[in-house]
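Accompanying notes for the structure given below.
Residue numbers (this note's numbering): 108 to 647.
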């Protein structure tokens, strides 16, 4: 089948691939109905799936993520690093600040707000690395170990997944003239078969992964949003409240997705960073400033020193659950978000060289995340070690309240309510950014790389993401969200390994002067633009 024949030029699925449109919607509808019609049974199934993956495939997840990190470093310093993601003369479409803002907001915004305090405080109370080192819980050494583990879960391993997916999609779309869809990343291996059933299956798995990865983040975000509204306005914390919040924010996110990258997503992302800066400065200067500055330097160095052994460690205890609760959840989360963030990174990274893209994305965003975690998590640990305490109890009772308890414990009464309100507002804006990014990516896949997919599809999928998030909350809250993330990552992890092999073959094909298919699906209207260059120079 020729790619230009894959997009309907009229009818209900005008602007999209009809088979993909029907199959993807049927997949979502089946999941939502299965979940809400028998919540207890569905929750049991999800827990069984997660348990099997954790006990059987933990080694596999750890191996995949580690290999991807080493692969990304190799590509950055290889002879292919000078290639540009686009024609040789192109320059970056977005400036660095805008590019970073959109990348950071899409990739980890809501999640880092949720876990930056809760996770180090959890590890502060005990973990396998602490046991192996003979460190006592609740001590300064335990605090340093907790920070090391948290940075590990938010560090280079996870970012490498996003970056390799983004690099692969951008390379084949902008430099080799293929549609900006996940299937295109396998063209060197599959050839024109990417336009048939195999390609459909790959893109459906990418949509599946994007859907549940986004739903996980939205579920975490709405739980913390509910906690913030309870703290500020005494709004009841309940599943009903959270479902209502999901519905409201999904509508706002859909409106942002309809407005496109240049307007809604770009605007919100830049303001997310500005608001974040205010909150970070409050923690830094109202909190233990000298302690936090020293902790940042020490923690980053400690993380880098232990990066490889931590990345290769698997729990030898068959009864141990810590690695499944934490590292497996995180690797599953990063993997399940791979298609979403990877495609979004590709969408905003045209014109950069491969080396510039890789080295920048592997250093600046992780360092920004480390700064956030050390300042927020370090403040909470300082309160536990040298202050009035109470953060551990807050985390153990309801982790969604950890952020607000920490703001309160800093002790600047005049700014406590305003900062809590600012944090809640930021959760909302990051929630919207995640939702609209996920919506736009799914619609781009369905329309075979269309830069501006039909708006009716953005509306359908924006609301669909909200429905899946609500269904997961109904099926068991945080545990169901974690299960969905880990399970959705499994099929995409296999595709990711093939993408790495395909990228290397693509580089060699270009070096040998092999020209790929430069006739991807063409738009039917003037407003719909396919994300491929009109002409691609293939160098020998």
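Backbone N, C-alpha and C define an ideal beta-carbon position, used for all residues, glycine too.
Cα separation between residue i and residue j?
| i | j | result |
| --- | --- | --- |
| residue 205 | residue 455 | 9 Å |
| residue 497 | residue 339 | 19 Å |
| residue 133 | residue 285 | 27 Å |
| residue 123 | residue 409 | 49 Å |
| residue 125 | residue 116 | 10 Å |
| residue 569 | residue 563 | 10 Å |
| residue 383 | residue 579 | 28 Å |
| residue 390 | residue 262 | 22 Å |
| residue 566 | residue 118 | 17 Å |
| residue 347 | residue 341 | 15 Å |
| residue 162 | residue 472 | 32 Å |
| residue 98 | residue 477 | Nothing can be reported for residue 98: it is not among the residues displayed for the chain, which extend from 108 to 647. |
| residue 427 | residue 152 | 21 Å |
| residue 228 | residue 619 | 53 Å |
| residue 600 | residue 448 | 15 Å |
| residue 392 | residue 150 | 44 Å |
| residue 234 | residue 418 | 16 Å |
| residue 292 | residue 164 | 25 Å |
| residue 359 | residue 366 | 11 Å |
| residue 468 | residue 230 | 27 Å |
| residue 516 | residue 363 | 35 Å |
| residue 139 | residue 574 | 7 Å |
| residue 555 | residue 265 | 27 Å |
| residue 276 | residue 184 | 19 Å |
Using a 10 Å radius around the Cβ and a threshold of 16 neighbouring Cβ atoms, would you call residue i buried or exposed?
| i | result |
| --- | --- |
| residue 482 | buried |
| residue 561 | buried |
| residue 299 | exposed |
| residue 647 | Because the pLDDT at residue 647 is just 29, under 50, the model does not fix this residue reliably, and the value given afterwards should be weighed accordingly. With fewer than 16 Cβ atoms within 10 Å of its Cβ, residue 647 is classed as exposed. |
| residue 626 | Caution is warranted here: a pLDDT of 47 is assigned to residue 626, below 50, making its placement in the model unreliable, and no coordinate value can be reported. |
| residue 179 | buried |
| residue 397 | exposed |
| residue 499 | buried |
| residue 243 | exposed |
| residue 199 | buried |
| residue 404 | exposed |
| residue 415 | exposed |
| residue 388 | exposed |
| residue 257 | buried |
| residue 278 | buried |
| residue 201 | buried |
| residue 120 | buried |
| residue 159 | exposed |
Hey, residue i and residue j: beta-carbon distance below 8 Å or not?
| i | j | result |
| --- | --- | --- |
| residue 302 | residue 127 | no |
| residue 283 | residue 623 | yes |
| residue 452 | residue 273 | yes |
| residue 648 | residue 436 | The structure shown does not extend to residue 648, since the chain spans only 108 to 647, so no value can be given for it. |
| residue 316 | residue 130 | no |
| residue 322 | residue 576 | yes |
| residue 312 | residue 305 | no |
| residue 533 | residue 220 | yes |
| residue 607 | residue 289 | no |
| residue 495 | residue 512 | no |
| residue 603 | residue 445 | yes |
| residue 328 | residue 537 | yes |
| residue 182 | residue 268 | no |
| residue 375 | residue 540 | yes |
| residue 247 | residue 237 | no |
| residue 421 | residue 166 | yes |
| residue 188 | residue 459 | no |
| residue 581 | residue 542 | no |
| residue 225 | residue 509 | yes |
| residue 479 | residue 223 | yes |
| residue 485 | residue 399 | yes |
| residue 344 | residue 354 | no |
| residue 48 | residue 593 | In the structure displayed, the chain extends from 108 to 647; residue 48 sits before or after that span and is not available. |
| residue 514 | residue 523 | yes |
| residue 380 | residue 203 | no |
| residue 377 | residue 208 | yes |
On the DSSP bridge assignment, give the partners of residue i in chain order.
| i | result |
| --- | --- |
| residue 460 | 191 |
| residue 121 | 115 |
Legend entry - Length at least 4, wholly inside the segment 134-204: the alpha helix (DSSP H) runs in chain order: Annotation: the segment 134-204 contains the following complete segments of the alpha helix (DSSP H) (minimum length 4 residues), in chain order: 146-163 and 165-184.
Inset, instruction - Mind listing, in chain order, the continuous alpha helix (DSSP H) runs of no fewer than 4 residues lying wholly within the segment 340-428? - result: The segment 340-428 contains, as complete alpha helix (DSSP H) runs of 4+ residues, the segments 346-366, 373-393, 396-412 and 414-419 (chain order).
Inset, instruction - Quick one: which unbroken alpha helix (DSSP H) runs of 4-plus residues sit fully inside the segment 444-513? Chain order, please. - result: The segment 444-513 contains these whole alpha helix (DSSP H) runs: 445-455, 461-493 and 498-504.
Inset, instruction - Starting from the N-terminal side, write out each stretch of the alpha helix (DSSP H) that is 4 residues or longer and does not extend beyond the segment 228-260. - result: Runs of alpha helix (DSSP H) with 4 or more residues, each lying fully within the segment 228-260, are found at 235-240 and 247-260, listed in chain order.
Legend entry - Entirely enclosed alpha helix (DSSP H) segments - the segment 280-344, minimum 4 residues: Those alpha helix (DSSP H) runs which fall completely within the segment 280-344 and span 4+ residues are 294-297 and 304-340.
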